[in-house]
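Structure first, then comments.
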Amino acid sequence: MSEPQAVQPSPEDKKLVTLARATRARTGAAEGAAVRDSDGRTYAAATVDLPSLQVSALGVCVAMAVASGSGGLEAAVVLTGAETLAEADLAAVRDFAGTGVPVHRGDIKGNLVETHAG
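Numbering (the numbering used here), first residue to last: 13 to 130.
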């Protein structure tokens, strides 16, 4: 897993925080996430936790971007109560968008605490 870096979100990344926070609050899910693709489109999602299907919020965002025909990602935000980002989520970002995509982790209130280079 990449080493976390100090958080310096851009104004565009702050918009991702707003989307992730609103999605998580609306659904009451454990996590909210949002991504911006290489065309500037955004995707926001919450954790899916059904008896037959479990997908992280970031996993849903990556899947939506892939399914829409996006060519990659510019940035991602995950708001969670977890102390770390799941390696599977970071791997999904790398598989789809390559290395170096900033993946910000924040608490459930939207305060960013660290950034990984996906």
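Each residue gets a CB set at the ideal place from its N, CA and C atoms; glycine is no exception.
Item, Value
"8 Å Cβ cutoff met for Glu86 and Ala69", "no"
"Which of helix, strand or coil DSSP assigns to Glu43", "coil"
"Reference Val47; option with closest CA among Arg33, Ala98 and Leu28", "Leu28"
"Whole-angstrom distance between Gly122 and Thr35, CA atom to CA atom", "12 Å"
"Boundaries of the beta strand (DSSP E) in which Glu95 is found, first to last residue", "Where Glu95 is concerned, there is no enclosing beta strand (DSSP E), given that its DSSP letter is neither H nor E."
"Beta-ladder partner(s) of Gln66, from DSSP", "Asp61"
"The beta strand (DSSP E) enclosing Gly12, as first and last residue numbers", "The displayed coordinates of the chain run from 13 to 130. Any statement about residue 12 would go beyond what the structure contains."
"Alpha-carbon spacing of Gly71 relative to Asp101, whole angstroms", "6 Å"
"Three-state secondary structure (DSSP) of Thr30", "helix"
"His128 versus Ser64: straight-line alpha-carbon distance, rounded", "30 Å"
"N- and C-terminal bounds of the beta strand (DSSP E) containing Thr127", "Leu124 to Ala129"
"Counted within 10 angstroms of its Cβ, other Cβ atoms place Leu62 as buried (16 or more) or exposed", "exposed"
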